[in-house]
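Residues in the sequence shown are numbered from 36 upward in steps of one, following this note's numbering.
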Amino acid sequence: MVHGVDPANNAALAELEGKTGPSNFYRLMAHKSDVMTSFSRLYGAIMGPGSVDRRTKEMVYLAISFVNECDYCTEAHLKGGRKAGLSDRAIDDLESETNQNFTLAEQAALHYAREMTRACAEDFDTREHLQEHFNEEQIVELTLVIALANFTNRFNNGLNTQVEHEITLSSPAIR
């Protein structure tokens with residue numbers, strides 16, 4: 036099992052956790068400190084303000100995390116999703132993939148996200164339907180969110196990153 040870096044031994048990690056709070060994700064990524072720093076900026080650029088609203092980004096991120104069964108990302112984005120306005124009912128719909136309580140545009144984004152996650156390819160109908168609801172900049176931004184979610188899901192599942200509340204944060208051997 037890979038252990039996380041102790042923030043006391045990594046100034047960049049300590050600075051980042053000063054902004055985000057304790058993060059087992061970043062503690063693991065801190066084994067490659069330059070990647071951790073660059074990733075933090077990339078994450079902010081993709082998930083921050085843009086042409087796609089925060090609610091849609093969180094909805095897509097959660098849908099992908101449910102598909103990939105990534106407990107770490109699901110937990111993190113449940114908080115973010117609720118903060119962005121997703122109700123418990125909407126979250127249940129994301130997990131069950133019923134999509135009942137979403138607009139046609141949101142349904143198109145969710146279909147695209149799940150298709151890109153499961154097959155890493157999308158058929159012409161999916162692209163055409165997406166283009167009915169989103170402009171080119173928004174489609175690129177949605178695709179970046181999808182790629183980011185799949186990256187973090189695979190990183191966290193591969194390393195079995197533990198959700199912070201499931202472990203003792205003061206432990207020097209964060210897993």
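Glycine residues also receive a C-beta, built at the ideal position from the N, C-alpha and C atoms.
Spanning the alpha carbons of C108 and G116 requires a straight line of approximately 11 Å. Non-local C-beta neighbours of D160 in its own chain, meaning closer than 7 Å and more than five positions away in sequence, are absent. M36 carries a coil assignment under DSSP once its states are collapsed to helix, strand and coil. For the pair Q166 and A144, the Cα-to-Cα distance works out to about 10 Å.
Put simply, the backbone Cα of T187 is about 16 Å away from that of G39. Within the same chain, V198 come within 6 Å of E110 by CB-CB distance, once the 5 residues on both sides are set aside. By alpha-carbon distance to L177, the top candidate from A125, D88, L129 and D69 is D88. The C-alpha of M36 lies about 7 Å from the C-alpha of L194. In this structure T152 is in contact with I99, their Cβ atoms being roughly 5 Å apart against a cut-off of 8 Å. Straight-line measurement puts the Cα of Y96 at about 15 Å from the Cα of F190. Between L48 and M94, the CB-CB gap reaches or exceeds 8 Å. Residue range D106 to K118 is occupied by the alpha helix (DSSP H) that includes C108. In this structure, A125 sits away from F169, with a CB-CB distance that is not shorter than 8 Å. The three-state secondary structure of L145, taken from DSSP, is helix.
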